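Read in order, the letters of the sequence shown are residues 1 to 626 in this note's numbering.
All C-beta atoms, glycine included, are put in the ideal place defined by N, C-alpha and C.
The structure presented is a predicted model; accordingly, all values stated were derived computationally and were not measured.
Heads up: the structure comes next, in C-alpha cells.
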Amino acid sequence: MSYRKSPADLEGMPPGVGHIIGNEAAERFSFYGMKAVLAVFMVQYLHHMGGAGGARISEVEATEKVHLFNGAVYLTPLLGALLADAFVGKYRTIVLLSLVYCCGHAALAAMGLTGDPYLWLMLGLGLIALGSGGIKPCVSAHVGDQFGSRNAHLLPRVFNWFYFSINIGAFASMLLTPWLLEWHGPHWAFGVPGVLMALAAWVFWAGRNRYVHVPAAGMGFVREVFKGGGIKVIAKLLPLYIFVAIFWALFDQTGSTWIFQSQDMDRNFLGFQWLPSQVQALNSVFVLLFIPIFSYGLYPLINRVWRLTPLRKIGLGLFIMTTSFALVAEIQQWIEAGERPNISWQILAFALLTAAEVMVSIVALEFAYTQSPRTMKSLVMCFYLGAVAVGNFFVAGVNHFIQIPEAAVKQLEKNHASLIETKHSGKVAVAGHDGVTGTMDDIGVELTDGAVASLKIPGEEIYHQAADRIGELVTARGGSFPAERLLNECVSGLRDPWGNPLRVELLNALRLRVISDGADRKSGTMWDAGLMIELPEKPQEKKASWTDRLRPAETWLERRMKESGAREVASQNAPGGISRSAFCGGQTRLRGAVYFWFFAGLMLLTSLAFVPYALWYRPKTWLQDA
1 MSYRKSPADL EGMPPGVGHI IGNEAAERFS FYGMKAVLAV FMVQYLHHMG
51 GAGGARISEV EATEKVHLFN GAVYLTPLLG ALLADAFVGK YRTIVLLSLV
101 YCCGHAALAA MGLTGDPYLW LMLGLGLIAL GSGGIKPCVS AHVGDQFGSR
151 NAHLLPRVFN WFYFSINIGA FASMLLTPWL LEWHGPHWAF GVPGVLMALA
201 AWVFWAGRNR YVHVPAAGMG FVREVFKGGG IKVIAKLLPL YIFVAIFWAL
251 FDQTGSTWIF QSQDMDRNFL GFQWLPSQVQ ALNSVFVLLF IPIFSYGLYP
301 LINRVWRLTP LRKIGLGLFI MTTSFALVAE IQQWIEAGER PNISWQILAF
351 ALLTAAEVMV SIVALEFAYT QSPRTMKSLV MCFYLGAVAV GNFFVAGVNH
401 FIQIPEAAVK QLEKNHASLI ETKHSGKVAV AGHDGVTGTM DDIGVELTDG
451 AVASLKIPGE EIYHQAADRI GELVTARGGS FPAERLLNEC VSGLRDPWGN
501 PLRVELLNAL RLRVISDGAD RKSGTMWDAG LMIELPEKPQ EKKASWTDRL
551 RPAETWLERR MKESGAREVA SQNAPGGISR SAFCGGQTRL RGAVYFWFFA
601 GLMLLTSLAF VPYALWYRPK TWLQDA
C-alpha cells in the first residue's frame, strides 16, 4: 500500500496526531512503570523468583545494573536514528522496535516460570533498552513530519499535549506498579506495563493510514556532518554535553539510590503510606507545575533585573541540582544517626531536582538544537541522549568500583565453582585470607541450591558477645539503638582473633553492624568480618483505605517465603528480639552519606566549571529556514 509522503494542505490538526499521542502515553506508562520497581525488585525479589531463594543482589550492585540499563536506553537512539533516516524510515523503525520492546516486557513477566530468572531479567532489559531507546529519536520527529506550512502554528500545542501525555503516563505507572509489586508480585508488576506497551504498539499501528510517511534519506546525511563547519559545531557543544552528562548522573539516581534511602524513612505523608518506589512519581507532577510557573512567572521576573539567557538558566539549574543532592546527603546523615526523617524531606529534594531539570534538561536540549545546522539537528539530538548515557555509565562505574566482594562468594568461585554450578546444598569450609583450608581463618558456608545461605566466621563468639551487650542496651532503651558513640563504648575492649578492635557502624534506626578488620588487619577489604544486627520493625497503626479491598492479606514476598520456607536472616535470637547474620566482606567504599556528598561535591565542581564555559561561548543560532 502507498502512503502519503508529504503533509496534506490542512489548516487544522493532522489526522494521525491522536494515535501518536496515545501511543506515547501508553509507552511511557510501560517504561516508567517497569523502571520504577526495577531497583527494589533486584534487591528484594529476584533471589526468590526461582523458588526457595538464590544469591541476593546488594543495593550497590543493583544500582550499578540499573544505571547500566539506563545508559543502554540512551545509547541505542543513535541506532534508531540511523535505521530510520538511512534505511527504513521513522514509521517502520517505530513499529519494528516496538515489537522488540514488547518482547522485552514479556521476558520480564516470564521470570520465574522457567529457566534462570537472572537470564530472563538480562534478556528483558536488553530488549527493552533496544526498543525504548531505538524509538526515542523517531517518535517526536514523526510528530513534526505530520505538519506542513499551513498548520505549523499548531506544533507547539501538539508538543505540549505530547509532553503532557508523557508525564501523565509516567505518574500513573509509578504509582500503580510499586503497589502491584508489593501485593501481587513481579509477574503483575512487569506484566501490566507489558500489556500497556502492546497497546501502545497497536494504537500506533492503527493510525498507519493517517500518517505522513517520510521515506529514508539514505546515507547522504553523514556527509552533511562534514559540511558547513559540522565538526566545529560538535566540538563547540562538546563541553555542554559533558556538563549534561554529570547532571544526568545525579538525576537518574532517583530511580536507584534515592529509592533505597526512602526505605529507611517515615513514608507517611498527607495521610498516605507511600511505598519507596512511589515517591519518584512526584517528579512528573512537579514538571507539569514548574514549566508554566517558570515560563510565565519566574523567568520574566528574573529578566527584569538580569538577562536570563539559555546558558544562564543551565548554570542556575546546575547549582540547584547541587543543593538537591546536598539535602539528600544531609537526610542520609540523619538516618545514620538513628533517626527516621519524614519522606517530606526527600519530596523537597525532588522539588529542587525537578526545578533543576526544567532549567537544565529542557533548556540544554533546546539550546543545542538551535546551535546546530539544519542538516545536523537529528544528530545533535542523538549526541544529547548519548550524554545521558555517559552520565549513567559513570554512576554504574562508580558503584562497580566501590563494591567490596564477599569473601565466601569470591573463594567459592575461585576454588569450588562446581558447587555453584551443580546447585549444591550443604555445609562447606572455604579458605580464608591465608588461602588454605584447615586453619583458623576458614569460613564456614551453608549453601542452598549453590547460593550462600549463611556463614560461620572465625571468632564469631566474640561478635555475639558484642551483640549481647548491644541487646541489653536496646532492652534498656525500650527497643531502640542508642547513638553510635554509646554503641562503640559498649563494645570497647572486645577484639577479634587477630587482635583488631570491634567497632559498631550504625546504618539506620533498625540496622547496624559489628565489624572488625579481620585476618588481613586492613579496613575496607573483603576480609572485614562481623555481624549484621537488625531490630524488628515496630508495627504501625494502619489507617483504613479504599485500596484495602483490592489487596490480599499478605504481601507477595510474605506469601512466597511461607511457601518456600526461605529465611531472610540466619538467626533470630538474643535479647531485645535482635536478628543477627554473619558477614565477611560485602561492604562499600563510599558508605551512606559519604556517597551522596561525593556526588554533591562533583555537581558543585561541575557548576563552577560551567561558569567560564558560559562566558566563553558565543551563540550562533540556525533555524530551519536559515
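Assignment of L602 by DSSP, reduced to helix, strand and coil, places it in the helix class.
In the three-state reduction of the DSSP assignment, N392 falls in the helix class. Beta-bridge partners assigned by DSSP to I533: L512, R580. For I362, no beta strand (DSSP E) run applies, since DSSP gives it neither H nor E.
In this structure, P215 places its C-beta atom within 8 Å of the C-beta atom of G89. A residue is called buried when at least 16 other Cβ atoms come within 10 angstroms of its Cβ; S6 does not meet this threshold and is exposed.
Taking the Cα positions, I402 is about 38 Å away from A25. Non-local beta-carbon contacts of A281 in its own chain, meaning distances under 6 Å to residues more than five positions away in sequence, involve F171, M174, L175 in chain order. DSSP places P497 outside both helix and strand once states are collapsed to three, so it counts as coil. Excluding its 5 nearest sequence neighbours in each direction, G586 has C-beta neighbours in its own chain below 7 Å: S58, I404, E406, listed in chain order. Check the Cα spacing between H187 and each of R267, M49, I533: the tightest is with M49. Listed as beta-bridge partners of T448 by DSSP are A451. Per DSSP, the unbroken beta strand (DSSP E) holding K427 starts and ends at 426-430. It is roughly 29 Å from the alpha-carbon of L590 to the alpha-carbon of K538.
The count of Cβ pairs closer than 8 Å, one atom from the stretch 149-161 and one from the stretch 521-533, stays below three, leaving the stretches out of contact. Under DSSP, the beta-bridge partners assigned to G585 are E406. Within the stretch 76-159, the runs of alpha helix (DSSP H) at least 4 residues long that lie entirely inside it are, in chain order, 77-82, 90-109, 117-145. CA-to-CA, the gap between A107 and E484 works out to about 45 Å. In the displayed model, V504 falls within a strand according to three-state DSSP.
F269 carries a strand assignment under DSSP once its states are collapsed to helix, strand and coil.
CA-to-CA, the gap between G317 and E421 works out to about 50 Å.
It is roughly 14 Å from the alpha-carbon of P14 to the alpha-carbon of A141. With a contact defined as Cβ atoms closer than 8 Å, Y91 and Y211 qualify at about 6 Å.
Under the DSSP definition of a beta bridge, N342 partners with D266. Just so you know, the alpha carbons of W556 and A529 end up roughly 32 Å apart. Check the Cα spacing between Q346 and each of F269, G478, L75: the tightest is with F269. In this structure, DSSP gives K456 an extended state, which the three-state scheme calls strand. Measuring C-alpha to C-alpha distances from C103 to each of L83, L127, G112 identifies L127 as the nearest. As the crow flies, the alpha-carbon of V143 is around 26 Å from that of Y296. Pairing A364 with V474 gives a Cβ-Cβ distance that is not under 8 Å. Take the alpha-carbon of T606 and the one of I320: they are about 12 Å apart. The continuous alpha helix (DSSP H) containing E489 extends over residues 484-490. The residues F286, in chain order, have a CB closer than 6 Å to that of A351 in the same chain once the five nearest residues on each side in sequence are set aside.
Annotated as proximal: V37 and L181, with beta-carbon spacing under 8 Å. Taking a C-beta distance under 8 Å as the contact criterion, H105 and G194 qualify as a contact pair.
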